[in-house]
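Going line by line, the protein sequences match chains A and B.
Per numbering that gives the first Met the number 0: the first sequence = residues 0 to 186.
Per numbering that gives the first Met the number 0: the second sequence = residues 0 to 186.
There are 2 protein chains.
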Amino acid sequence: MQSMRHFVISSLPRAVAGRYLSTTATLNMPIKEGDKLPSVDLYEGDPGTKVNTKDLFGKGKSVIFAVPGAFTPTCSEKHAPGFIQNISQLRDKGVTTVACIGVNDPFVMGAWGKALGADDKVRMLADTGATFTKKIEMDVDLTAVLGGVRSKRYAMVVQDGVVKAIKAEPDNTGLACSAAIEVMKLL
Amino acid sequence: MQSMRHFVISSLPRAVAGRYLSTTATLNMPIKEGDKLPSVDLYEGDPGTKVNTKDLFGKGKSVIFAVPGAFTPTCSEKHAPGFIQNISQLRDKGVTTVACIGVNDPFVMGAWGKALGADDKVRMLADTGATFTKKIEMDVDLTAVLGGVRSKRYAMVVQDGVVKAIKAEPDNTGLACSAAIEVMKLL
Numbered sequence: 000m001q002s003m004r005h006f007v008i009s010s011l012p013r014a015v016a017g018r019y020l021s022t023t024a025t026l027n028m029p030i031k032e033g034d035k036l037p038s039v040d041l042y043e044g045d046p047g048t049k050v051n052t053k054d055l056f057g058k059g060k061s062v063i064f065a066v067p068g069a070f071t072p073t074c075s076e077k078h079a080p081g082f083i084q085n086i087s088q089l090r091d092k093g094v095t096t097v098a099c100i101g102v103n104d105p106f107v108m109g110a111w112g113k114a115l116g117a118d119d120k121v122r123m124l125a126d127t128g129a130t131f132t133k134k135i136e137m138d139v140d141l142t143a144v145l146g147g148v149r150s151k152r153y154a155m156v157v158q159d160g161v162v163k164a165i166k167a168e169p170d171n172t173g174l175a176c177s178a179a180i181e182v183m184k185l186l
Numbered sequence: 000m001q002s003m004r005h006f007v008i009s010s011l012p013r014a015v016a017g018r019y020l021s022t023t024a025t026l027n028m029p030i031k032e033g034d035k036l037p038s039v040d041l042y043e044g045d046p047g048t049k050v051n052t053k054d055l056f057g058k059g060k061s062v063i064f065a066v067p068g069a070f071t072p073t074c075s076e077k078h079a080p081g082f083i084q085n086i087s088q089l090r091d092k093g094v095t096t097v098a099c100i101g102v103n104d105p106f107v108m109g110a111w112g113k114a115l116g117a118d119d120k121v122r123m124l125a126d127t128g129a130t131f132t133k134k135i136e137m138d139v140d141l142t143a144v145l146g147g148v149r150s151k152r153y154a155m156v157v158q159d160g161v162v163k164a165i166k167a168e169p170d171n172t173g174l175a176c177s178a179a180i181e182v183m184k185l186l
């Protein structure tokens, strides 16, 4: 079942992706090592609670991981739990903030965090309109299975607002290089 | 907090709604008493499990209720629980199928159903791409708070695939006439 579901999500036609590469997307490369994170408002728990990326990630060492979908099998059973379970090791390596970003609405991201036990370990941030995700060119059209643009699966280490390392999954939605265990090697 | 959140969702600018009234929408009135339900594939639990509306609602007496968002406060705390708690009374009145439809992805609808204890009481159906919702002209643009087109809040009684009664909330997202207790008066 797990492999079937993964197949469903990772075997999308790539040809339709252009529709959503809207005017908000830059024409540069996807975000890379040395780039500054853009300043974008994300939402935590409800649409009234803004968290600005510059405020949250501008000071100290942060780990960000992004998921194609809250409550999807790979994200729920493996990707997010990896960071939650390893929070002590991440903190030991000087990480002050661990955040999960998904193009879901804030209520769904919040409920998913509760279901996972993210608590005060991982901030569950909704990129509701995919603004952040498009700005860093990590958007992927998952309309066929999830109803719209979502985020590719990636993880990055950010120091004082600047990307120190980034690992994006080559197939967009699989889980290998962006897993917590791999990210910890970059710290 | 509840009232603030409700305000956030129900006070959206209506002027931007036109963007999403795409070519899939008909130019007729929203679905009304006496209309036949369109035949559309919805999804249950995952994107591989299709449930066709004609197959599911074509025979017998059904109650359908639709929600603006899985895991949103009014939907989670009041609307959906009302139908789940009153399932015995609904069955006593001859209802064979109770279904909740939301423009969320199938994983989110499934997870929400589990969180609510919908079990075998209420079918949690994802109108992933809003196809059904647009066809019956119940779509509403909630991009500002929830990231895209969602469903207006409504409930209907369907007999052998034909709408026998429908109650749509006048403000799209509030909860009054489409509550379980009101729907039971129509049976």
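Note that CB positions come from ideal geometry on N, CA and C, so glycine has one too.
All values derive from a computational prediction rather than experimental measurement.
Discussion item. Give me the residue from A/Gly146, A/Val144, A/Glu181, A/Met137 with the minimum Cα distance to A/Val66.
Written reply: Mapped onto the first sequence, residue 66 of chain A falls at position 67. The option with the nearest alpha carbon to A/Val66 is A/Met137.
Worksheet item: Per DSSP, B/Gln158 forms a beta bridge with which residues?
Response: Here residue 158 of chain B is taken as the residue at index 159 of the second sequence, counted from 1. Bridge partners of B/Gln158: B/Lys60, B/Val161.
Worksheet item: Apart from the five residues on each side of it in sequence, which residues of its chain come closer than 8 Å, Cβ to Cβ, to B/Leu174?
Response: Mapped onto the second sequence, residue 174 of chain B falls at position 175. Excluding residues within five positions, the ones whose Cβ falls inside 8 Å are Thr73, Lys77, His78, Arg152, Glu168.
Discussion item. Is A/Thr52 close to chain B? Criterion is C-beta to C-beta, closer than 9 Å.
Written reply: Position 53 of the first sequence, counting from 1, holds the residue named residue 52 of chain A. No, A/Thr52 does not count as interfacial toward chain B.
Fill in: A/Met108 burial status per 10 Å Cβ neighbour count (16 or more: buried)
Locating residue 108 of chain A in the first sequence gives position 109, counting from the first residue. Buried is the call here.
Discussion item. Report the CB separation of A/Val62 from A/Val156 in whole angstroms; it is logged as a contact under 8 Å.
Written reply: The residue given as residue 62 of chain A occupies position 63 in the first sequence. The residue given as residue 156 of chain A occupies position 157 in the first sequence. Confirmed, Cβ separation roughly 6 Å.
Item to complete: Output yes if chain B places a C-beta closer than 9 Å to the C-beta of A/Val121; else output no.
Response: Reading the first sequence from its first residue, position 122 is the one you call residue 121 of chain A. For A/Val121, the answer is no, since every Cβ of chain B falls outside 9 Å of its Cβ.
Fill in: Three-state class that DSSP yields for B/Ser75 in the structure shown
What you label residue 75 of chain B is simply residue 76 of the second sequence in a count that begins at 1. Note: B/Ser75 maps to helix in three-state DSSP.
Worksheet entry | Within-9 Å CB hit, A/Thr172 to chain B | The residue labelled residue 172 of chain A in the question sits at position 173 within the first sequence. By this cut-off, A/Thr172 is not an interface position.
Worksheet item: Would you say A/Pro80 faces chain B, with C-beta separation under 9 Å as the test?
Response: Reading the first sequence from its first residue, position 81 is the one you call residue 80 of chain A. By this cut-off, A/Pro80 is not an interface position.
Worksheet item: What separation, rounded to the nearest whole angstrom, lies between the Cα atoms of B/Asp118 and B/Gly112?
Response: In the second sequence, the residue the question calls residue 118 of chain B occupies position 119. In the second sequence, the residue the question calls residue 112 of chain B occupies position 113. Taking the straight line from one Cα to the other gives about 7 Å.
Discussion item. So that I know if they touch, is there some Cβ in chain B lying closer than 9 Å to that of A/Ala192?
Written reply: A query on residue 192 of chain A cannot be resolved here, the shown segment of chain A reaching from 0 to 186 and no further.
Discussion item. I'd like to check one pair, A/Phe64 with A/Ala179: are the Cβ atoms closer than 9 Å?
Written reply: Position 180 of the first sequence, counting from 1, holds the residue named residue 179 of chain A. Position 65 of the first sequence, counting from 1, holds the residue named residue 64 of chain A. Yes.
Practice prompt. Give every residue of the same chain whose Cβ lies closer than 6 Å to the Cβ of A/Gly57, excluding the five residues on either side of it in the sequence, and list them in chain order.
Written response: As a first step, residue 57 of chain A is located in the first sequence; it is residue number 58 there, counting from the start. Gly160.
Fill in: Start-to-end residues for the beta strand (DSSP E) that takes in A/Asp140
As a first step, residue 140 of chain A is located in the first sequence; it is residue number 141 there, counting from the start. 138–140 is the span of the beta strand (DSSP E), which, as asked, contains A/Asp140.
Item to complete: Check whether the Cβ atoms of A/Leu41 and A/Thr127 sit closer than 9 Å, and answer yes or no.
Response: Within the first sequence, residue 41 of chain A is the residue found at index 42, counting from 1. Within the first sequence, residue 127 of chain A is the residue found at index 128, counting from 1. For A/Leu41 and A/Thr127, yes; Cβs fall inside 9 Å.
Item to complete: Can you have a look at A/Met28 and say buried or exposed, based on whether 16 or more other CB atoms are within 10 angstroms of its CB?
Response: Position 29 of the first sequence holds residue 28 of chain A. A/Met28 should be labelled exposed.
Worksheet item: What residues from chain A crowd round B/Phe106, counting only those whose CB sits closer than 7 Å?
Response: For the purposes of this step, residue 106 of chain B is taken as the residue at position 107 of the second sequence. The answer, in chain order, is Gly68, Phe70, Thr71.
Practice prompt. Report the three-state DSSP secondary structure of B/Leu36 (helix, strand or coil).
Written response: Along the second sequence, one-based indexing puts residue 36 of chain B at 37. Correct three-state label for B/Leu36: coil.
Practice prompt. Could you run through the region 24–50 of chain B and flag, in chain order, every residue whose CB is less than 8 Å away from some CB of chain A?
Written response: Asp45, Pro46, Gly47
Discussion item. Run through chain D and tell me which residues come within less than 7 Å of B/Thr142, C-beta to C-beta.
Written reply: This model lacks chain D altogether, as its protein chains are A and B.
Worksheet item: I think B/Phe70 touches A/Ala129, with their Cβ atoms under 8 Å apart; what is that distance to the nearest whole Å?
Response: Here residue 70 of chain B is taken as the residue at index 71 of the second sequence, counted from 1. Here residue 129 of chain A is taken as the residue at index 130 of the first sequence, counted from 1. Not really, about 19 Å apart at Cβ, beyond 8 Å.
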